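There are 2 protein chains.
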Amino acid sequence: MSRPLCTIYETRLDRPSLTDKRADFERLKDFFRREELSLSLEDLRKLPALLREGDFLLSPVVFHDERGVRILELQGKRCYGIALDIGTTNLVASLYDLVAERRLSTASLENPQVAFSEDILGRIHYAMLHGLDELHEALVDGVNRLVERLCDHSGIDPDGIYCATLSANTVMTHFLLGLEVRYIPVEPYIPVIHSPWLINASECGFRINKKGLLYTFPNAGSYVGGDIVAGILATGLHKRQRPSILIDVGTNAEVVIGNRDWILVSAGAAGPALEGGILRSGMRAEGGAIYRIEINDHDRTIKYRTIKDEPPRGICGSGVIDLVAELYRTGIIDSRGRIRTKTSYIRQRDGESFIEITESVAISEREIENFLRSKAAMFTSIYVLVKSLGLEFSDIENIYIAGALGSGVRVENAQLLGMLPRIDKERYIAAGNTALKGSELVLANSDMLKEVRDIHGRITYHEMNTDGEFMRLFPSALFIPHAEPAILG
Amino acid sequence: MSRPLCTIYETRLDRPSLTDKRADFERLKDFFRREELSLSLEDLRKLPALLREGDFLLSPVVFHDERGVRILELQGKRCYGIALDIGTTNLVASLYDLVAERRLSTASLENPQVAFSEDILGRIHYAMLHGLDELHEALVDGVNRLVERLCDHSGIDPDGIYCATLSANTVMTHFLLGLEVRYIPVEPYIPVIHSPWLINASECGFRINKKGLLYTFPNAGSYVGGDIVAGILATGLHKRQRPSILIDVGTNAEVVIGNRDWILVSAGAAGPALEGGILRSGMRAEGGAIYRIEINDHDRTIKYRTIKDEPPRGICGSGVIDLVAELYRTGIIDSRGRIRTKTSYIRQRDGESFIEITESVAISEREIENFLRSKAAMFTSIYVLVKSLGLEFSDIENIYIAGALGSGVRVENAQLLGMLPRIDKERYIAAGNTALKGSELVLANSDMLKEVRDIHGRITYHEMNTDGEFMRLFPSALFIPHAEPAILG
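Sequences listed follow chains Y and U, in order. Using my numbering, read the first sequence as starting at 1 and increasing by one per residue. Using my numbering, read the second sequence as starting at 1 and increasing by one per residue.
See the structure below:
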């Protein structure tokens, strides 16, 4: 039977008698049948009176960790929890009623650290110059605003929140806990901690119940963050016999391959991500983002759709894949991404050629080149991982595509570009925000703590930076679809 | 190799490299090779800089618990500890330098709760009427004064003290931790807790380092306190093949019998203690206490000696034993403790007969009767315990006599009175303050934590109140030496 990480337990104890003289605390501990019961001294002082007033019936707020039970409140009335995905660009959170065991609402907010720098390295640099505090506080403030928004929306008091689960990449986890980040991006890439313990939420400035606890997914190094561990948990690939692949095309693309026996993660050099960063017109998959593009074979006119049908403000990952695939399919660009044909929407500016989709949304030849580096890194990472295990693409059960991109990507276009292996389309699964889902799973089921630890313990990572095979194959993968298309599957 | 409960560890870590990319925290954790390493978030935030400034050499203050290691300070300069014996009447403490591994000094202080009531029940009653706070604070204040005195004496700063070990009876432990005591003395005799966890000393108001931890010996019920568990540890009887007996004749006499396989403790009804309480002239074994008495066979004059040869202020336990034994030997009292002979120092006052030793130190016939109840309870407890195990006195390896009494008692007189079994005098061992010694052992060697847990887990207690054999034999034991002297051994 699964039980939430934290909930209220109707706890009816045997009354003491001359044949059962256990002390109050041990009586309570025995009820839970776990190795450890933790309680504050303050609550221990209240325990005898509470037990006897209530005829040995209590309704404590109980947090389950791997070893035992922590009583956060001796008499609880309500118990909510927050699942968090702290992305470099976006914070997403779900609020759960852990007594009713249901999700109340989900909300997101731009990571307030974006104001310091769009990308992680810029933020680390800022922290090195000005100290961690500003970035730590900006992030915590963002989380608090998000929590407040969820609480307002559901009409609950943040004081009723007793736990939060958090998945984030290694740097974001460090920023959130106020830990030094300067050694993460430089050789030999050392984080302060891999597996944070349960932290008092108040120690981090979280405005939830002051006894609330924060669970943080462990990282497997500077480049394999808790978000990836959470993603693995969310897909369940770690429990199945046949290997599956998880591709997180969020802000920083990583590739995971694994099954119930082993898990391998590509680390480093997966290339820049598809959204933001490499494209001036790039944006996240939200209202106004162009996510579908078709080019007419005959007149080469561009048709696009935006998310929520809002006026176009930029182009998101799935839109870029569609665009480049359609440009190639219709012969506007060649296999190296160079513009070969003159059409009405090709512009020259400052010596650069642009594809102008709308007045404000355009993509340059150089940006297409950057995109091709990303797709080359992604495919080559997948290929090298699969081959390093002595496997073929046909051995792969599923390929999970995580991230906001996941729900929108047209697999046939990604395959046409040589970005994804050419296996049955049915085996591609749009997995959504797996980092958030992993967080939600732990919140909803404390047994997941052990599963996370197992996953974390089984991860090995494959450094692409220094992999000879990766280096050898990468240049061929820069072509559309590939200079050696036979390896696409 | 034994190591103190808390000490400073020279900790030289491997420097990180591309082939050893463990995070700072896990690197530190691996150094200690224990299941758990705990550190405050505050210290985790300081860790990366400290490690790199010191070229991966640290000198942390390290507390060893059973499961792992707690780092209380990342860079320590000194580390002291306090072993405490919190008696109903006296507080005794030793100060240790845990780096040099030696005891610096020992001191004692009257338990400030004596001002509320001499005996435990009176204090519990006071707490029920006026709340726990006054008694809790008085006790903590006493401990703080004692610690201060030790620190002054050795010229150290209390801030350098990182741990305290504490043995006390169940009620004193509860008072010290600020836990409800009202349910301890009433049926079914339920304490708040048997095995307190490690408590932040500051949570209890202890004025030592604010990160310091307090270890409390576990109790095995309302009447078998941590002081007894500490006493067992101190004698080592729990490790030997042949059974031994431990008698603590402090404020509340209890009898332990055990070996490496089992431990049995008599609980309840061991009768009033020998010191204080039952005698108006009774006092602890300290300066001015009459501790030796001889009565001349011919002229029946009394000769006595006082501790430190100070003017007599009262009579301590060993003095009472000597006195009653000599009164009996010289025929002044009969086998029921009644005064049978007129001598110069027998006085009548308010219808009571007194033996007047000095102008201010006297013992009445009724007090002798009370003493005989104590000795009867003690002998009968020992006898019943031994017999309940199918043993004879000759099977007993040693009889440890703990308490201030231990060093002074004349075994032959106690045997003459039928208080102690008639076995070789060599097998009686004056064990001194075993409660303090147990505390000191844990402080000096963290492996003792496990031993204490083992002892605690093995204790069963034998309720004398409801034991038919005890009830049957007790009346005969009221006689000097016994109505059935054959059972004395």
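Using N, Cα and C, we set each Cβ at its ideal position, and we do this for glycine too. Computed from a predicted structure; not experimentally measured.
Please report the Cβ distance between residue i and residue j, rounded to the nearest whole angstrom; I am assuming they are in contact, meaning their Cβ atoms lie under 8 Å.
i        : j        : result
Phe56/U  : Arg15/U  : 5 Å
Pro4/Y   : Leu98/Y  : 4 Å
Phe217/U : Val452/U : 6 Å
Val498/Y : Leu84/Y  : The structure shown does not extend to residue 498/Y, since chain Y is modelled only from 1 through 489, so no value can be given for it.
Thr11/U  : Leu58/U  : 4 Å
Arg427/U : Ile399/U : 6 Å
Gly352/U : Arg366/U : Residue identity check: residue 352/U is Glu in the sequence provided, not Gly. With 8 Å as the limit, Glu352/U and Arg366/U qualify as a contact, their Cβ atoms being about 6 Å apart.
Arg329/U : Leu416/U : 7 Å
Gly142/U : Asn111/U : 6 Å
Leu51/Y  : Phe31/Y  : So it is not a contact: roughly 11 Å between Cβ atoms.
Pro243/U : Leu391/U : 7 Å
Answer yes or no: do residue i and residue j have a C-beta to C-beta separation smaller than 7 Å?
i        : j        : result
His136/Y : Gly178/Y : yes
Glu397/Y : Ala267/Y : no
Ile161/Y : Gly212/Y : yes
Leu233/Y : Gly258/Y : no
Ile423/U : Phe393/U : yes
Gly408/U : Leu488/U : no
Asn90/Y  : Ser117/Y : no
Thr343/U : Arg300/U : yes
Val229/Y : Ser381/Y : no
Lys21/Y  : Pro188/U : yes
Phe470/U : Val384/U : yes
Leu92/Y  : Gly76/Y  : Contrary to the premise, residue 92/Y reads as Val rather than Leu in this sequence. Result no, Cβ atoms of Val92/Y and Gly76/Y do not sit closer than 7 Å.
Ala138/Y : Gly226/Y : no
Leu132/U : Glu203/Y : no
Leu95/Y  : Ser2/Y   : no
Val171/U : Ile120/U : yes
Val181/Y : Ala127/Y : yes
Asn144/Y : Arg207/Y : yes
Return the chain-ordered list of same chain residues with a C-beta closer than 8 Å to the C-beta of residue i, the five sequence neighbours on each side being excluded.
i        : result
Tyr461/Y : Ala220, Gly221, Tyr223, Val224, Leu264, Val265, Ser266 and Ala267
Asp309/Y : none
If I measure Cβ to Cβ from residue i and keep anything under 6 Å in the same chain, skipping five residues before and after, which residues do I get?
i        : result
Ser335/Y : Phe479 and Ile480
Thr165/Y : Ala83, Tyr215, Ser439, Val442 and Leu443
Phe354/Y : Arg347, Ala362 and Ser364
Cys151/U : Pro158
Leu473/U : Thr380
Ala270/U : Because the pLDDT at Ala270/U is just 45, under 50, the model does not fix this residue reliably, and the value given afterwards should be weighed accordingly. So the qualifying residues of the chain are Ala253, Glu254, Ala377 and Ser381.
Going along the chain, which residues of its own chain have a beta-carbon closer than 7 Å to the beta-carbon of residue i, five neighbours each way excluded?
i        : result
Ser17/U  : none
Lys29/Y  : Leu37
Ile459/U : Ala220, Val224, Ile263 and Val265
Glu294/Y : Lys303 and Glu326
Ile339/U : Ile332, Ile333, Ile346, Ser353 and Glu365
Ala414/U : Ile321 and Leu420
Arg78/U  : Val99 and Gly160
Would residue i pass as an interface residue toward chain A - the criterion being a Cβ-Cβ separation below 7 Å?
i        : result
His194/Y : Absent here is chain A; the protein component of the structure consists of chains Y and U.
(request) Write down every uninterrupted run of the beta strand (DSSP E) in the stretch 90-144 of chain U whose length is 3 residues or greater and which is fully enclosed by it, in chain order. (result) Segments of the beta strand (DSSP E) lying fully in the stretch 90-144 of chain U: 90-97 and 102-110.
(request) Taking 8 Å as the threshold, find out whether the stretch 219-228 of chain Y comes into contact with the stretch 361-375 of chain Y through three or more Cβ pairs. (result) no
(message) Whether or not the stretch 306-315 of chain Y and the stretch 284-292 of chain Y are in contact is what I'm after, with contact meaning three or more pairs of Cβ atoms, one per stretch, closer than 8 Å; do they touch?
(response) yes
(message) Counting beta carbon pairs with one atom in the stretch 35-55 of chain U and one in the stretch 69-76 of chain U, are three or more of them shorter than 8 Å?
(response) They touch, by the three-pair rule.
(request) Take every Cβ of the stretch 190-201 of chain U, pair it with every Cβ of the stretch 433-447 of chain U, and state whether three or more of those distances are shorter than 8 Å. (result) Judged by Cβ distances under 8 Å, the stretch 190-201 of chain U makes no contact with the stretch 433-447 of chain U, as fewer than three pairs qualify.
(request) Indicate whether the contact test is met: 3 or more Cβ pairs, each with one atom in the stretch 356-374 of chain Y and one in the stretch 320-337 of chain Y, closer than 8 Å. (result) yes
(request) Could you tell me whether the stretch 182-192 of chain U touches the stretch 41-48 of chain Y, where touching means 3 or more Cβ pairs closer than 8 Å? (result) A contact between stretches requires three or more CB pairs, one per stretch, nearer than 8 Å, and the stretch 182-192 of chain U meets this requirement with the stretch 41-48 of chain Y.
(request) Kindly provide the ranges of any beta strand (DSSP E) runs that are 3 or more residues long and lie completely inside the stretch 143-201 of chain U, ordered along the chain. (result) 161-168
(request) Mind listing, in chain order, the continuous alpha helix (DSSP H) runs of no fewer than 4 residues lying wholly within the stretch 249-330 of chain U? (result) 317-329
(message) If we require 3 or more residues per run, which beta strand (DSSP E) segments fall completely within the stretch 403-456 of chain U?
(response) 428-432
(message) So within the stretch 28-76 of chain Y, which uninterrupted alpha helix (DSSP H) runs reach at least 4 residues, ignoring any that extend past its ends?
(response) 41-53
(request) Give, in chain order, every unbroken run of the alpha helix (DSSP H) that is at least 4 residues long and sits entirely within the stretch 326-398 of chain U. (result) 365-388
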